[in-house]
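Trainee: Residue numbering for the sequence shown follows the working numbering, beginning at 218 and increasing consecutively.
Built from N, CA and C at the ideal position, the CB exists for glycine as well.
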Amino acid sequence: MSKVSKMVSLLLVVVMVVGVALTAVAAESAKAKTDEEKAQEVASQVSSDVQSEGSATVAAITDTATLAKAYDMSMEADATLASIEGQFTEKPQVIGTLLFDVSGVTSGDVTIKASSSYANKLAIASHYNTKTGQVEVMKDLVQFDAQGRATVSFSSYSPVMIKVLNVTRDALKADATVGVKSVNLAAPQVDASNAKTAKMGE
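1. When DSSP labels each residue in this structure, what does Tyr345 get in the three-state scheme?
2. Give me, in chain order, the residues of the same chain whose beta-carbon lies closer than 8 Å to that of Ser324; leave out the 5 immediate sequence neighbours on both sides.
3. Measure the C-alpha to C-alpha separation of Phe317 and Thr279 and round it to an integer number of angstroms.
4. Alpha carbon to alpha carbon, how far is Glu293 from Val400? Give it in angstroms, no decimals.
5. Going along the chain, which unbroken runs of the beta strand (DSSP E) with 3 or more residues stay wholly within the region 342 to 388?
6. Report the option in Tyr345, Lys348, Val327 and Phe305 whose CA atom is closest to the CA atom of Leu339.
7. Assign Ser291 to one of two classes, buried (16 or more other C-beta atoms within 10 Å of its C-beta) or exposed (fewer than that).
8. Buried or exposed, going by whether 16 or more other CB atoms sit within 10 Å of the CB of Gln406?
9. Taking all protein chains shown into account, do 16 or more other C-beta atoms lie within 10 angstroms of the C-beta of Ala260, making it buried, or fewer, making it exposed?
10. What number of angstroms, rounded off, separates the C-alpha of Val384 from the C-alpha of Val327?
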C-alpha cells in the first residue's frame, strides 16, 4: 500500500472518529435540559393547588427551582415503575400525577384525599429530601381507598409527588414482592380533591 493510500485511510479514520464524537456531544447537549425546561414539563403534567385539612397543610408548587427538582422526582418514579412492571398481570401506566408541599408534619404518615377517580388505584410516591439532596421513593406502593384517599410515609417532608397508576392491587401477581401501603386514617390528612393543573407563575 502506498504512502498516499495509508495517509488517505488514516485521514478517513480521523474524520470518522471526530464525526462520532461530535454526534455524541450533540446528543448529550440535546438531552440536557435547563431548570426552566424541566419546570415547564413538570407543570404541564401535574395536578397541584391542593387544599389543607386537619393538622397538615399543603401548598401548590409553582417556583422553577422546586419544579425542576420535581422533574428529577418524576424520573426516579418512572425508573421505579419500570423496575416493578413485571410484577403485574397487566402493564401499569401513569394516569395522574399529584405534586404538593407538606408542612405541619415532620415525618411519618400523611393521608391525602384526591379525586374519587383514583379509587382503589395503586401509586408510586416520592419526595425530594432537601437535607440530603436526594430523591426518595417509598419502598411500598400507595393504595387509594374507595373514597380516593391514600397514605404516604417519609422520614421528612418537602415536595411530594404521587404518580397514580391504572392498576389496582388485584393486578399484582401472586408472587409479587412489592409491598402495598393501605390508608391510615389516624394520620394527619390533606384534602387534594380540588386539584387542578399547575400553571407556571401562578
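Mentor: If we stick to the structure as given:
1. Position 128 of the sequence shown holds residue 345. Looking at Tyr345 - three-state DSSP - the assignment turns out to be strand.
2. Numbered from 1 along the sequence shown, position 107 holds the residue referred to as residue 324. Contacts found: Phe371, Ser372, Ser373 and Tyr374.
3. Here the question's residue 317 lines up with position 100 in the sequence shown. Here the question's residue 279 lines up with position 62 in the sequence shown. Cα to Cα, Phe317 sits roughly 9 Å from Thr279.
4. Within the sequence shown, numbered from 1, the residue matching residue 400 stands at position 183. Within the sequence shown, numbered from 1, the residue matching residue 293 stands at position 76. Those two C-alpha atoms are separated by around 23 Å.
5. 351 to 354, 357 to 360, 366 to 371 and 376 to 385
6. Walking along the sequence shown from the start, residue 339 turns up at place 122. With distances taken between Cα atoms, Leu339 lies closest to Phe305.
7. Within the sequence shown, residue 291 is the residue found at index 74, counting from 1. Label assigned to Ser291: buried.
8. Residue mapping note: residue 406 aligns to position 189 of the sequence shown, counting from 1. Sixteen is the threshold: when 16 or more other Cβ atoms of the shown chains lie within 10 Å of the Cβ of Gln406, as they do, the residue is buried.
9. If you number the sequence shown from 1, residue 260 lands on position 43. Ala260 is buried by the Cβ-count criterion.
10. Your numbering for residue 384 matches position 167 in the sequence shown. Your numbering for residue 327 matches position 110 in the sequence shown. Each residue's alpha carbon lies about 22 Å from the other.
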